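Heads up, the thing below is written out as structure tokens.
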Amino acid sequence: MNKIAFGQYYHTDSFIHRLDPRTKIISLILMMVFIFVIPKNQFVVLGFSVALLLAVVFLTKVPLIRYLKSLKQIMFLLIFSFFFQALFNNSGDLLLTINQNISIANIALGVVLIVLYLFFRKYLPLKFLWLILLVIAIIYIFQYPIIGQSLKSYQLKVYRDGVVTGFFIIVRIMLLIVFSSILTLTTKPTDLNNALEWLMRPLEWVKIPTSVLAMMISISLRFIPTLFLETERILKAQASRGVDFKEGKVKAKITQIISLLIPMFIISFKRAFDLADAMEARGYIPGAKRTKLALLKFGLSDYFVLIFALGIVIGLIVLRVNHAL
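Just so we're aligned: the sequence shown equals residues 1069 to 1393 in my numbering.
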């Protein structure tokens, strides 16, 4: 769990690190809009967004493995989304038809493969690749009855729109995760807090304490990796006492989860009280006007990045409105 990139600051000197934090937040919002405005079947625009992401990742000077580790945590979601769209979206041209036959022997062999995967997955590297192979193997097993007549026959059809939609969904999710990781990896929590407070300043007109709200968001982002580290320590401590979170019946797993949640709640409250005492000792008063040691200031590079991000978003929207895409 400590391999998650989101919420962790990576110190280095790069062009992205030197940008104003407000520029990075606004650019992230614009890129989110850009990613969701990309129409389906526009592989050129999607490829441009991927190339832009790789260029930004290169400019951050952050090791690529940091971003890959953050994607690893959602790999099952990506695989599930793709197969769900590919198998159940019945629009567009027919690409593939797979005849499936259900028999007792086929079902038994499929169950055996699933049990073997569940038993050996803790020892397998690249678990998501083995999961894909398992799905393909089960589909192949049900093509022909192994013994005797099939109990039921049906056709598994794969359509072009389903494959394209699934591909666009997983690429969009990956782009969003990596762009968000770039913000947290290249921005200090203090700078992020100051930027959020500045961006939410209009909310003060409706009597919303933006400074307190920005502080809450900043603290939440700051303690995401800390809580994951604490969770990993608790898991190791429980494992040393003989608790196995991957095995056992449902009732035993519920008991094991409770043994994990209770220490997490206690540690979270303890850290919250310690943080409150530290902030009070340093003279922090919620809602009071505070000065800042480092003042935020836009530079020439910030204006260039904002104009570029806003330009590609407006350009894509104009092309879509004019039906050019």
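Beta carbons: idealized from backbone N, C-alpha and C, even for Gly. Quantities reported herein were computed from a predicted structural model and do not represent experimental measurements.
- Here L1343 has I1287 as same chain residues with Cβ atoms under 8 Å from its own Cβ, once five neighbours each way along the sequence are excluded.
- Taking a contact as a CB-CB distance under 8 Å, the pair E1265 and S1279 counts as one, their CB atoms being some 5 Å apart.
- The C-alpha of K1275 lies about 27 Å from the C-alpha of S1095.
- Rounded to whole angstroms, the Cβ separation of V1246 and Y1078 is 14 Å, and the two are not in contact under 8 Å.
- Within the stretch 1116 to 1201, complete beta strand (DSSP E) segments of at least 3 residues are found at 1162 to 1170, given in chain order.
- Distance from the CA atom of A1123 to the CA atom of S1336, rounded to whole angstroms, is 38 Å.
- Fewer than three pairs of CB atoms, one per stretch, sit closer than 8 Å, so the stretch 1135 to 1151 makes no contact with the stretch 1165 to 1183.
- Apart from sequence neighbours up to five positions away, the residues of its chain that approach F1151 with a beta-carbon distance below 8 Å are V1203, G1234, ordered along the chain.
- In the structure shown, K1338 adopts helical secondary structure according to DSSP, grouped into three states.
- Here I1142 is actually not in contact with I1292; their C-beta atoms are around 15 Å apart, not less than 8 Å.
- Contact between Q1223 and T1165 holds, since their C-beta atoms are separated by about 6 Å, short of 8 Å.
- Closest by C-alpha distance to L1219, out of N1174, L1271, T1294, I1382, is N1174.
- Look at S1221 here: in three-state DSSP terms it is strand.
- Straight across, the Cα-Cα distance linking G1160 with I1238 is about 19 Å.
- Contact between the stretch 1291 to 1307 and the stretch 1369 to 1386 is absent: fewer than three C-beta pairs spanning the two stretches fall below 8 Å.
- Scanning E1300, A1205, Q1324 for the CA closest to the CA of G1310 turns up Q1324.
- Beta-carbon to beta-carbon, F1210 and N1158 are separated by about 19 Å, too far to satisfy the 8 Å threshold.
- In this structure R1290 is buried. Its beta-carbon is surrounded by 16 or more other beta-carbon atoms within 10 angstroms.
- Between the alpha carbons of V1113 and A1349 lies a gap of roughly 52 Å.
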